[in-house]
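Working notes, structure below.
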Amino acid sequence: MTDVVLPCLNEAPALTWLLARMPAGYRPIVADNGSTDGSADVARGLGARVVTVPRPGYGAAVHAGIVAADPLDGVVCVMDADGSFDPSELPSVADPVRAGTAHLAVGRRRPVGRGAWPPHARLGNAVLAHRLRRTTGLRVHDIGPMRAARREDLLALDLLDRRFGYPLELLIAAARAGWTVTEVDVAYRPRTAGTKSKVTGSVRGTARAIRDMSAVLGR
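For the sequence shown, the UniProt record's numbering begins at 1 and goes up steadily by one.
See below:
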């Protein structure tokens with residue numbers, strides 16, 4: 001059984017569709033990061049495991065979910081809980097790690113539908129990815145929020161960022177550790193109505209994420 005960490009902050013409207021599309025053999029862990037809309041109760045009612053994460057921050061939620069994952073399977077996936085990704089694509093991301101051809105597989109977002117990836121967020125991502133390629137040599141084009149790796153490998157990296165810099169710190173640490181990193185194309189849809197992006201939903205949110213990630217690049 002492969003655990004799927006879903007960092008969650010007020011994503012209740014998306015959870016019914018999302019959890020219903022979890023493929024066989026994949027078990028959701030909702031890392032609830034202070035939701036006030038009943039997300040945790042919705043997730044439990046749908047049979048998902050819920051981990052309460054009192055420390056705010058995307059990285060804090062992801063880390064808590066990875067710690068809570070079952071070490072027996074080994075492979076753990078992470079994806080946003082807002083409905084922008086289809087869980088049915090998880091196997092295509094996890095398979096390179098399971099086959100041993102990659103230490104880390106990252107979903108490269110391919111927008112589907114109008115408004116899926118606002119221009120300000122797409123530009124910010126492209127700039128950061130370019131800097132990452134230049135400084136690490138990794139051939140990646142997306143600092144994507146859908147990924148798979150082995151749990152013990154992730155924990156061994158001892159990542160410190162608990163905010164929006166976490167995905168970038170992961171890639172930098174993976175490069176330094178000599179990991180093989182691969183990208184897998186995944187569809188990226190408009191998030192479920194009634195949910196609000198903490199990053200791409202506003203210029204301010206994107207700027208905050210870029211600030212956090214730029215701080216990681218400057219270490």
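Backbone N, C-alpha and C fix where the C-beta goes; we use that ideal spot for every residue, glycine too.
- Counting only runs that start and end inside the stretch 68-106, the alpha helix (DSSP H) elements of at least 4 residues fall at 90-99.
- Put simply, of ALA121, ARG21, HIS103 and GLY115 the residue whose alpha carbon is nearest the alpha carbon of ARG176 is HIS103.
- Counted as a single uninterrupted DSSP element, the stretch harbouring LEU18 is not any beta strand (DSSP E) but the alpha helix (DSSP H) occupying residues 12-20.
- The continuous alpha helix (DSSP H) containing ARG133 extends over residues 119-136.
- DSSP places PRO56 in no beta strand (DSSP E); its state is neither H nor E.
- Leaving aside the five residues that flank ARG150 on each side, the residues in its chain whose CB is nearer than 7 Å to its CB run, in chain order, GLY74, VAL75 and VAL97.
- For LEU6, the enclosing beta strand (DSSP E) covers residues 2-8.
- In the DSSP assignment, PRO28 falls outside any alpha helix (DSSP H) and within the unbroken beta strand (DSSP E) covering 26-32.
- Setting aside the 5 residues that flank it on each side, SER88 is surrounded in the same chain by ARG21 and PRO23, each with a C-beta closer than 6 Å to its C-beta; the list follows chain order.
- The DSSP-derived three-state label of PRO111 is strand.
- Taking all protein chains in view, the Cβ of ALA48 is crowded by 16 or more other Cβ atoms within 10 Å, so the residue is classified as buried.
- Inter-segment contact for the stretch 124-135 and the stretch 185-194 is absent: fewer than three beta-carbon pairs are separated by less than 8 Å.
- With 16 or more other CB atoms across the displayed protein chains lying within 10 angstroms of its CB, ARG191 is buried.
- The Cβ neighbour count for ALA12, taken over all protein chains shown within 10 Å, is at least 16; the residue is labelled buried.
- Taking 8 Å as the upper bound for CB-CB distance, LEU159 and LEU170 are in contact here, some 6 Å apart.
- Annotation for ARG151: no beta strand (DSSP E) segment contains it, though the alpha helix (DSSP H) segment containing it runs 151-156.
- Here the alpha carbon of VAL112 sits roughly 12 Å from the alpha carbon of PRO118.
- For the pair LEU15 and ALA43, the CB atoms are nearer than the 8 Å cut-off.
- By the Cβ neighbour-count rule, MET146 is buried, with 16 or more other Cβ atoms within 10 Å of its own.
- According to the DSSP assignment, ALA43 belongs to the alpha helix (DSSP H) that extends over 39-45.
- For the options VAL30, LEU46 and LEU123, the alpha carbon positioned closest to that of VAL78 is the one of VAL30.
- The beta carbons of VAL62 and PRO7 sit closer together than 8 Å.
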